[in-house]
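Heads up: the structure comes next, in structure tokens.
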Amino acid sequence: MGDMANSSIEFHPKPQQQREVPHVGGFGCTLAELRSLMELRGAEALQKIQEAYGDVSGLCRRLKTSPTEGLADNTNDLEKRRQIYGQNFIPPKQPKTFLQLVWEALQDVTLIILEVAAIVSLGLSFYAPPGEESEACGNVSGGAEDEGEAEAGWIEGAAILLSVICVVLVTAFNDWSKEKQFRGLQSRIEQEQKFTVIRNGQLLQVPVAALVVGDIAQVKYGDLLPADGVLIQGNDLKIDESSLTGESDHVRKSADKDPMLLSGTHVMEGSGRMVVTAVGVNSQTGIIFTLLGAGGEEEEKKDKKGKQQDGAMDSSQTRAKKQDGAVAMEMQPLKSAEGGEMEEREKKKTNVPKKEKSVLQGKLTKLAVQIGKAGLVMSAITVIILVLYFVIETFVVDGRVWLAECTPVYVQYFVKFFIIGVTVLVVAVPEGLPLAVTISLAYSVKKMMKDNNLVRHLDACETMGNATAICSDKTGTLTTNRMTVVQSYLGDTHYKEIPAPSALTPKILDLLVHAISINSAYTTKILPPEKEGALPRQVGNKTECALLGFVLDLKRDFQPVREQIPEDKLYKVYTFNSVRKSMSTVIHMPDGSFRLFSKGASEILLKKCTNILNSNGELRGFRPRDRDDMVKKIIEPMACDGLRTICIAYKDFPANQEPDWDNENDVVGDLTCIAVVGIEDPVRPEVPEAIRKCQRAGITVRMVTGDNINTARAIAAKCGIIHPGEDFLCLEGKEFNRRIRNEKGEIEQERLDKVWPKLRVLARSSPTDKHTLVKGIIDSTTGEQRQVVAVTGDGTNDGPALKKADVGFAMGIAGTDVAKEASDIILTDDNFTSIVKAVMWGRNVYDSISKFLQFQLTVNVVAVIVAFTGACITQDSPLKAVQMLWVNLIMDTFASLALATEPPTESLLLRKPYGRDKPLISRTMMKNILGHAVYQLTIIFTLLFVGELFFDIDSGRNAPLHSPPSEHYTIIFNTFVMMQLFNEINARKIHGERNVFDGIFSNPIFCTIVLGTFGIQIVIVQFGGKPFSCSPLSTEQWLWCLFVGVGELVWGQVIATIPTSQLKCLKEAGHGPGKDEMTDEELAEGEEEIDHAERELRRGQILWFRGLNRIQTQATAPRFLDLVNHKIAPRISEACTTFSVAK
């Protein structure tokens, strides 16, 4: 290749080139030149390269790199290139500062209402009505003057403000730490992504960020290109450029027609080498992101205006939205990458089908909105009743007249009522929900890393707990992906183990060695073991490694053959893809003739063979009858042993007539079979046990593979996917399609529903079959519950199925970038057992959130009823605003931390999955919530109305405004908190288990929080005084409060004794939004409402959208096109005009 390149330079002498002064840093190209070169395509680009550089080798020389050896691995040189041409890194937008997060937390509507109420209360407390006419205002302020307490009126307002500040700081800190966590994980994901380059003639894997201009990169099937480059040499290279152009057709690239490769595009077929010409912000993707970043600010301004107009909204929804807004804030850091898209997405919400929300989010959103609305109604009624009662009593019953000087006193009363109303709302709205979800998910994700699950989309974690079906690949997931040839059929003989080289005719041996060494990717190698006594290292495609290992077992070496015929001397390569299921390579023989080597799935390739080599290495005819014989006697027995069978064949073309190489069917036909080999890929030892766990947990495991049906069936039996005597189906792709399609060839859901429930193995399947199966199972409505499907995949072609699935698992080691990009979770060890761990964590997240709900809703029900009835009967809430906020803090922030961090146990795998339709709050939970609420309400109302007699203290009821805190109400508050603390222990179990202490010490966070809360409660009661409306209690009173609290645990056992099945009257709550029950209009309305509520639950997720790559190539083509046409194109053309004018 080098010589040819030089000769071409001689044909196109460019005298002006020699005189050209070297550019910056001694390189022959400036950054601007390379940028403008990369904007060209096809013939234009070729013409420009020829005019400016002669050819690609000329470009390499200007960039001081060698097309074959690559760059010298010299740190100074690499650093210099980074300074001149930039780094391969697109800087993210600055994260929000802590103060910005505080400001965002302050936007919470309920908090704003409280702030206003507190400020009004403060203002009024400093206003003293003139003179002594306060008598005329009735007993309104009576009793307030004792011990100069009137001056202490400001304390309540100040205390509310203080607690608001606490809540805001806690929220902001949570958001800040969460964002920090996600960013850390993000950078870890980015560091893990590597790309193959040639430096000093050696193939190296370097992190994507370390690529520099001038690097020679190896491009192969399944790669996501990390930088722009010009193709030096390619084999059958096809690229999916839809992420940049929106065109879904694959673009064929070759050094002599269209050599331009762009970052962010996917390699769908073939392989090649390119010289990197633009990185980071100068690459095509980088330029677009820079434009998006610039467009971002203007968009935000517009968005803000729009939002102000939509401002009128009921406050419970606003509440939900706020949290979602909090979620939205994590979208911001990505402005550079996804930000622009986000705004696009907002605008297009109307016409872009939304990705369905995760199962849990749907249920939570619906529940939060319902609770919020109920809370709003309750608080409004509370305020109205209080105001009416006061007005009627003062002006009607006592017959007073509203005097001007009494106005401030009355207003103070109204403010107090308002504050009580707001407190009811604060307690009713479960703003701890998004927090619990986030903490639980963030905690699980962190721990899942240790279990080899790299979670890219947060909700996948919880969806996995509901999975009812797993469609798994065979190779690498269920098997070890360390393949070896164990049987072969050579020269009319079936060898059950590796034959001795002497047993084979030299001609057959020579052909076999050449066919294997040349007709496989040159990047596939077998390297010596790293440690003494270990197995040799297999690099590259594992099937090819098995064949190269076979060559070594035959005491031959593949390296000399490859050195004799280097990769750039290969005449034509038909690379492997899922349609061909074979790979062929053509070489030019010294006598001018051509020879084609082909290898592929035995049943496919044998159909193209018309000859076979006999024991002497001579050709003999191979008729269809012989083929059937061979299938029965050789291939089926091999397949039944669980071996993959590969056929190796060749064909000679005479020198005088060169065929039309593009007519593949003619070229790869009339072959001569050299050998058929059986490759063993042993089942991973831990897989059968993992599959048994899945089946026990109610999850059906199906195997979807491209392999022969007999091999697939044998492996499925070894794994335990199928058991003898069971009623199951094992189908091939063709048969599967025949069963599910009607006469017109369309897929019918009813037909699919007859097939999938029994289907366990789908063999010889194409990626479309996999996608069809996954979609069919997800869309199916047969059976008592909707299915939630997880899929594993590693190939580029698995992308659609991975995206369609509820949870897509990509292989971290064997997976291609495209598969990783489409997935939700990456298995860093490619092992099926890690999927079982993911199921366990997923169920744990679901359960943690249910535990939190059970606890929170009990507190909600009790607090709201107490505040409401107390207010209506005694004109004052027994629980004061500040106390309510403290309760809110315990039950929201602390409880969500305590209950959301419970570690998973194996027992989670002993129950069936919940599925899509199962409500969030089961009957058992509803029984617990209502049961504990009854206990707590009984105690509190007993204390409220007869407590003063029992403890022999003054009654706190009907105390005038600003009166000092009473022991009576302090006991009620303290008892309430004690009951919550002990009920938090009850809430650890949601399936009616008896032992609530089981495993409590394995969760140190839980113990710390319960003890910590108890400690703070003692301080508040004994030393809280006026701000907390508490008066210190005696030891005896404390012991009574504790006694009633411990009663919660005993009561819990009583509730557990009542069989749930008897309580038919209990309703479940928190169903997932049913598709059928919503009309179109409702859907349209609900969409907006849920969108906000979704954002709250999605705070962190967005950061994951970048996934494995900085570049969000998932932008669906139409949306991206629109973006390009309306935003980027005008700017580019503007830039071009300026550029040409400048020129």
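Numbering (my numbering), first residue to last: -9 to 1133.
All C-beta atoms, glycine included, are put in the ideal place defined by N, C-alpha and C.
Note that the coordinates shown come from a computational prediction; the quantities given were computed from them, not determined experimentally.
First through last residue of the alpha helix (DSSP H) which encompasses residue i
{"i": "P197", "result": "Segment Q192 to P197 is the beta strand (DSSP E) holding P197; no alpha helix (DSSP H) there."}
{"i": "S1021", "result": "Segment: none, S1021 is in no alpha helix (DSSP H) and carries neither H nor E."}
{"i": "I602", "result": "Where I602 is concerned, there is no enclosing alpha helix (DSSP H), although the beta strand (DSSP E) it sits in stretches over C599 to L603."}
{"i": "C997", "result": "P994 to F1013"}
{"i": "I943", "result": "First-last for I943: undefined, no H or E at that position."}
{"i": "D230", "result": "Run containing D230: none in the alpha helix (DSSP H); it sits in the beta strand (DSSP E), D218 to D230."}
{"i": "G832", "result": "F822 to T864"}
{"i": "A42", "result": "G32 to Y43"}
{"i": "Q77", "result": "First-last for Q77: undefined, no H or E at that position."}
{"i": "E452", "result": "L448 to T453"}
{"i": "K734", "result": "Neither: K734 is in no alpha helix (DSSP H) and is coded neither H nor E."}
{"i": "L595", "result": "S592 to L596"}
{"i": "V677", "result": "V677 to R686"}
Cβ neighbours of residue i in the same chain (closer than 6 Å, five flanking residues each side left out)
{"i": "S1021", "result": "P955, E957 and T960"}
{"i": "V621", "result": "none"}
{"i": "G921", "result": "I1045"}
{"i": "A276", "result": "It is Gly, not Ala, that sits at residue 276 in the sequence shown. Here the set comprises I80 and G270."}
Bridge partners - residue i, DSSP secondary structure assignment
{"i": "H981", "result": "Answer is none; H981 lacks a bridge partner."}
{"i": "A780", "result": "I460 and V797"}
{"i": "Y479", "result": "H484 and V666"}
{"i": "E722", "result": "A753"}
{"i": "T635", "result": "G668"}
{"i": "G60", "result": "S56"}
{"i": "A207", "result": "V187 and M264"}
{"i": "T474", "result": "E670"}
{"i": "G611", "result": "N601"}
Unbroken beta strand (DSSP E) run spanning residue i, endpoints
{"i": "T662", "result": "L661 to E670"}
{"i": "H578", "result": "S572 to H578"}
{"i": "M28", "result": "M28 -> not in any beta strand (DSSP E); alpha helix (DSSP H) instead, spanning L21 to M28."}
{"i": "V621", "result": "Unbroken run through V621: none, as it is neither H nor E."}
{"i": "I625", "result": "I625 -> no beta strand (DSSP E), and no H or E assigned at all."}
{"i": "H256", "result": "H256 to A268"}
{"i": "T690", "result": "T690 to V694"}
{"i": "D517", "result": "The amino acid at residue 517 is misidentified as Asp; the sequence shows Leu. Element bounds for L517: K515 to L517."}
CB contact check: residue i to chain B, cutoff 9 Å
{"i": "A645", "result": "No chain B appears in the structure shown, which is made up of a single protein chain."}
Proximal residues to residue i (C-beta, below 7 Å), its chain only, five neighbours per side dropped
{"i": "Q700", "result": "Before going on, a small fix: residue 700 reads as Asn here, not Gln. Result list for N700: E626, A629 and C630, in chain order."}
{"i": "T565", "result": "Y211, N225, D226, E259, G260, S261 and M573"}
{"i": "S840", "result": "L910, M915 and I980"}
{"i": "I555", "result": "I508 and I577"}
{"i": "L252", "result": "L215, D218, E231, L234 and Q274"}
{"i": "C633", "result": "Per the sequence shown, the amino acid found at residue 633 is Leu instead of Cys. So the qualifying residues of the chain are V476, Q477, G668, I669, E670 and T701."}
Contact set for residue i: own chain, Cβ-Cβ below 8 Å, skip 5 residues either direction
{"i": "E738", "result": "I730, R731 and N732"}
{"i": "Y925", "result": "M969, G1037, E1038 and W1041"}
{"i": "V503", "result": "V541, L544, R546, F548 and V551"}
{"i": "I498", "result": "L480, G481, L603, G607, I664 and A665"}
{"i": "N724", "result": "First, the residue type needs correcting, since residue 724 is Lys and not Asn in the sequence shown. Closer than 8 Å at Cβ, skipping near neighbours: R754."}
Distance between beta carbons of residue j and residue i, contact taken as under 8 Å
{"i": "D226", "j": "H240", "result": "About 11 Å; that fails the 8 Å criterion."}
{"i": "M368", "j": "V405", "result": "The Cβ separation is near 19 Å, so there is no contact."}
{"i": "L468", "j": "C709", "result": "5 Å"}
{"i": "Y75", "j": "V202", "result": "7 Å"}
{"i": "S510", "j": "V691", "result": "With 8 Å as the limit, S510 and V691 do not qualify as a contact, their Cβ atoms being about 32 Å apart."}
TODO: Flag this pair as touching only if the stretch 776 to 787 and the stretch 804 to 816 have three or more C-beta atom pairs under 8 Å; answer yes or no.
DONE: With the rule of 3 Cβ pairs closer than 8 Å, the stretch 776 to 787 counts as touching the stretch 804 to 816.
Open item on the list: If contact is defined by three or more beta carbon pairs under 8 Å, each pair taking one atom from either stretch, is the stretch 917 to 927 in contact with the stretch 1041 to 1050?
Closed with: Counting C-beta pairs closer than 8 Å gives three or more between the stretch 1041 to 1050 and the stretch 917 to 927, which meets the contact rule.
Task: Three CB pairs or more closer than 8 Å across the stretch 967 to 981 and the stretch 854 to 872 - done: Taking one beta carbon from each stretch, the stretch 967 to 981 and the stretch 854 to 872 have fewer than 3 pairs nearer than 8 Å; the two do not touch.
TODO: Taking 8 Å as the threshold, find out whether the stretch 840 to 859 comes into contact with the stretch 461 to 480 through three or more Cβ pairs.
DONE: Contact between the stretch 840 to 859 and the stretch 461 to 480 is not established, with fewer than three Cβ pairs separated by less than 8 Å.
Open item on the list: Under 8 Å: do the stretch 892 to 905 and the stretch 1012 to 1021 share three or more Cβ pairs, one atom per stretch?
Closed with: The stretch 892 to 905 vs the stretch 1012 to 1021: no contact.
TODO: Determine, using beta-carbon pairs with one atom in the stretch 639 to 647 and one in the stretch 579 to 597, whether at least three such pairs fall under 8 Å.
DONE: The stretch 639 to 647 vs the stretch 579 to 597: in contact.
Open item on the list: So, does the stretch 84 to 104 touch the stretch 151 to 159, judging by three or more C-beta pairs under 8 Å?
Closed with: Three or more beta-carbon pairs separated by less than 8 Å link the stretch 84 to 104 to the stretch 151 to 159, which places the two stretches in contact.
- [ ] Could you tell me whether the stretch 187 to 206 touches the stretch 47 to 62, using the rule of 3 or more Cβ pairs below 8 Å?
- [x] Touching, per the Cβ criterion.
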